[in-house]
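Colleague: Once you've had a glance at the structure underneath, I'll fire off some questions.
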Amino acid sequence: MKTILVTGFEPFGGETINSSWEAIKSLQGYQIADAYVEVCQLPCVFNHSLEHLYAAIERVKPEVVISTGEAGGKPDITVEQVAININDARIPDNAGNQPIDTPVIVDGPAAYFSTLPIKTVVNELRLAGIPATVSQTAGTFVCNHIMYGLQHYLNQYYPSVRGGFIHLPYLPEQAVKHANKPSMGVEMMSTALKIAIQSTLKNEKDIEVIGGTTN
Numbered sequence: 002m003k004t005i006l007v008t009g010f011e012p013f014g015g016e017t018i019n020s021s022w023e024a025i026k027s028l029q030g031y032q033i034a035d036a037y038v039e040v041c042q043l044p045c046v047f048n049h050s051l052e053h054l055y056a057a058i059e060r061v062k063p064e065v066v067i068s069t070g071e072a073g074g075k076p077d078i079t080v081e082q083v084a085i086n087i088n089d090a091r092i093p094d095n096a097g098n099q100p101i102d103t104p105v106i107v108d109g110p111a112a113y114f115s116t117l118p119i120k121t122v123v124n125e126l127r128l129a130g131i132p133a134t135v136s137q138t139a140g141t142f143v144c145n146h147i148m149y150g151l152q153h154y155l156n157q158y159y160p161s162v163r164g165g166f167i168h169l170p171y172l173p174e175q176a177v178k179h180a181n182k183p184s185m186g187v188e189m190m191s192t193a194l195k196i197a198i199q200s201t202l203k204n205e206k207d208i209e210v211i212g213g214t215t216n
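Next up, the structure:
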């Protein structure tokens with residue numbers, strides 16, 4: 002049976018919950034066709050988060066890796082197309098690190114593209130009535146750090162494994178603390194991730210970006 006690894010983050014930035022973890026934790030053991038889901042919570046800490054991610058990949062040996070993160074302020078599911086080789090933190094991470102203009106991977110390429118069928122995922126989400134867009138920037142905080150590090154690791158060691166990153170909005174219980182910020186319910190976000198997994202499995206032989214890097 003195939004394995005899908007889905008990761009989310011611990012709370013950060015003064016929040017007591019993280020929408021990405023709340024959305025994925027119920028997916029543990031979820032079965033789709035001949036695949037099942039393993040979930041993993043990552044620390045919101047530069048470098049340390051990649052260590053956890055790589056250990057999970059080695060433990061699970063997945064066919065697909067979908068990492069998720071919280072994007073407070075965004076109104077929809079945003080499926081990331083590209084991660085860049087830079088850490089530029091506007092706030093400290095959970096260990097107090099605040100790198101400015103440092104590389105995610107020294108001497109790595111300028112960017113990596115997702116190898117998920119991102120436009121198919123977005124179209125399927127919209128057909129299901131879930132707001133979604135393709136995003137051209139994963140930021141420069143730990144989410145971009147994870148996406149870049151994930152794509153680099155897969156490119157180096159598991160080139161047949163598909164990977165990418167999806168940002169999720171605040172949950173309603175978070176948005177009430179932030180004036181005029183949009184939110185989305187946890188059930189809708191969990192459903193969106195199930196659709197993303199299904200879309201990826203359907204398109205196993207149709208990788209939209211071949212090679213996964215830019216220089």
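All residue numbers for the sequence shown refer to the numbering used here, where the first residue is 2 and numbers rise by one. Think of the CB as a built atom: it goes at the ideal place given N, C-alpha and C, for glycine as much as any other residue. Owing to the predicted nature of the structure, the values given are computational and were not obtained by experimental measurement.
Opposite Asp-89 in the DSSP bridges: which residues?
Modeller: Answer is Ile-101, bridged to Asp-89.
Colleague: What's the C-alpha gap between Asp-207 and His-153?
Modeller: Because Asp-207 carries a pLDDT of 48, less than 50, the predicted location of this residue cannot be relied on, and the following value inherits that uncertainty. Distance between the alpha carbons of Asp-207 and His-153: 20 Å.
Colleague: Ser-1 to Gly-74, Cα distance in whole Å?
Modeller: With the chain covering 2 to 216 only, the question about residue 1 has no answer from this structure.
Colleague: How many Å lie between Pro-12 and Thr-4 at the Cα?
Modeller: Each residue's alpha carbon lies about 26 Å from the other.
Colleague: In three-state terms, what does DSSP make of Cys-1?
Modeller: Since the first and last residues shown for the chain are 2 and 216, residue 1 lies out of range.
Colleague: Where does the unbroken beta strand (DSSP E) through Glu-125 begin, and where does it stop?
Modeller: Premise fails: Glu-125 lies in the alpha helix (DSSP H), 119-128, not in any beta strand (DSSP E).
Colleague: Write down the C-beta distance between Ala-24 and Leu-194 rounded to the nearest angstrom, noting that I regard them as a contact closer than 8 Å.
Modeller: Right, their Cβ atoms sit about 6 Å apart.
Colleague: Please state the DSSP three-state secondary structure of Gln-32.
Modeller: Looking at Gln-32 - three-state DSSP - the assignment turns out to be strand.
Colleague: Please determine, among Gly-150, Gly-186, Pro-63, Glu-188, the residue with the shortest C-alpha to C-alpha distance to Arg-163.
Modeller: Answer by Cα proximity: Pro-63.
Colleague: Give the DSSP-derived three-state secondary structure of Ile-1 in the structure shown.
Modeller: The shown model of the chain, from 2 to 216, leaves out residue 1, and the question about it has no answer.
Colleague: Do Val-123 and Thr-134 have their C-beta atoms closer together than 8 Å?
Modeller: Against a cut-off of 8 Å, the Cβ pair of Thr-134 and Val-123 comes out as a contact.
Colleague: Measuring only the C-alpha atoms, how far is Gln-29 from Leu-51?
Modeller: Taking the straight line from one Cα to the other gives about 21 Å.
Colleague: Mind checking whether Phe-10 and Glu-81 have CB atoms under 8 Å apart?
Modeller: Taking 8 Å as the Cβ cut-off, Phe-10 and Glu-81 do not qualify as a contacting pair.
Colleague: Where DSSP assigns a beta bridge to Arg-60, which residues make up the other side?
Modeller: Arg-60 pairs with nothing; no bridge assigned.
Colleague: Can you tell me whether DSSP reads Ile-196 as helix, strand or coil?
Modeller: Of the three classes helix, strand and coil, the one that applies to Ile-196 here is helix, per DSSP.
Colleague: What residue does the alpha helix (DSSP H) around Gly-150 start on, and which one ends it?
Modeller: From DSSP, the alpha helix (DSSP H) with Gly-150 extends over 143-158.
Colleague: Assuming Pro-170 and Asp-77 are in contact, meaning their beta carbons sit under 8 Å apart, how far apart are those beta carbons, in whole angstroms?
Modeller: Confirmed, about 7 Å.
Colleague: Should Thr-201 be labelled buried (16 or more other beta-carbon atoms within 10 Å of its own) or exposed?
Modeller: Classification for Thr-201: buried.
Colleague: Here's the rule: buried if 16 or more other CB atoms are within 10 angstroms of the residue's CB, otherwise exposed. What is Glu-71?
Modeller: Buried is the call here.
Colleague: When the Cα atoms are used, what is the spatial distance from Ala-36 to Pro-100?
Modeller: Approximately 38 Å, taken between the alpha carbons.
Colleague: Which residue's Cα is closest to the Cα of Glu-39: Asn-204, Ile-198, Lys-203?
Modeller: Taking only the C-alpha atoms, the option nearest Glu-39 is Ile-198.
Colleague: Tell me, please, whether the CB atom of Ser-115 is closer than 8 Å to any CB atom in chain B?
Modeller: No chain B appears in this structure, which consists of one protein chain only.
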